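The block underneath contains the structure these notes are about, expressed in structure tokens.
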Amino acid sequence: MATPRFLPIVLALAAAASACPADRAGEPNPPDPPALEFDSAALRVETASDTIPLPVELAGSEEQRRRGLMYRDSLADGAGMLFLYDDDQAADHGFWMYHTRIPLDIAYLDADGRVAAIRTMEPCESPYSVDCPGYTPGVPWRNALEVRAGWFGFHGVAVGD
């Protein structure tokens, strides 16, 4: 019996497909997306006993807020990202660490810029978003400030600052 002419092509395609890393749905893992541009600003974080300068990137658009610090391998100590919203956010609306590689602290800020809650967020190593926990403040908030984990504690930043 003769071998069908398309069999070598099918076998070659099957071998090539089995060599690609895949996610749960069988799709190849995508590479990191291109970097986004962020404006920057110089903040002053005021505590009960000090004022700390903090250069930040501004995440004001929906796309910038969605991306945040995802896919980055580092964040300079003494730098951060400020997430800006037009309206107050609900107490159960928070952040997650999907595709975020850097341990972060997040301060949820009220409409006056005061710290309403602080959380420490660990990188989520799962390739599946559903496996990544959310970090909610438990209080309404307007904006959020992310810095390297430990920065708020080192500088004595607390709720109310």
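According to the working numbering, the sequence shown holds residues 8 to 168 in order.
Quick reminder that beta carbons are idealized off the backbone N, C-alpha and C, glycines included.
The model shown is predicted, which means the values in this text are computed figures rather than measured ones.
(message) Taking the alpha-carbon of S133 as reference, which of L89, S47, T107, E69 has the nearest alpha-carbon?
(response) Of the candidates L89, S47, T107, E69, the one whose C-alpha sits nearest the C-alpha of S133 is T107.
(request) For my contact list, G75 and M88 are in at a C-beta cut-off of 8 Å; report their separation, rounded to the angstrom. (result) Contact check for G75 and M88: beta-carbon distance about 6 Å, within the 8 Å limit, so the pair qualifies.
(message) Quick check for students: name the residue ranges of the beta strand (DSSP E) that lie wholly in the stretch 59 to 89, counting only runs of 3 or more.
(response) Those beta strand (DSSP E) runs which fall completely within the stretch 59 to 89 and span 3+ residues do not exist here.
(request) Sort S136, F161, T143, G157 by Cα distance to G77 and report the nearest one. (result) This sequence places Met at residue 77; Gly is not what is there. It is S136 whose Cα lies nearest to the Cα of M77.
(request) For S81, collect the residues of the same chain with a Cβ closer than 8 Å to its Cβ; drop the 5 residues on either side in sequence, then sort them by chain order. (result) Excluding positions up to five away in sequence, the list reads I109.
(request) Answer with buried or exposed for A22, where buried requires no fewer than 16 other C-beta atoms within 10 angstroms of its C-beta. (result) Here the model assigns A22 a pLDDT of 35, short of 50, so the residue's position is not dependable, and the following value carries that caveat. In summary, A22 is exposed, with fewer than 16 beta-carbon neighbours lying within 10 Å of its beta-carbon over all protein chains present.
(request) Tell me whether E70 is buried or exposed, calling it buried when 16 or more other Cβ atoms sit within 10 Å of its Cβ. (result) Taking all protein chains in view, the Cβ of E70 is surrounded by fewer than 16 other Cβ atoms within 10 Å, so the residue is classified as exposed.
(request) Over the uninterrupted beta strand (DSSP E) stretch that includes R155, give me the two end residues. (result) Segment 150 to 155, the beta strand (DSSP E) holding R155.
(message) Between which residues of its own chain and L50 is the CB-CB distance below 6 Å, once the five residues before and five after are set aside?
(response) Once the five neighbours on either side are set aside, the close Cβ partners of L50 are L61, V63.
(request) From the DSSP output, in three-state form, read off F172 for me. (result) Examination of residue 172 is not possible in this model, given that the chain is present from 8 through 168 alone.
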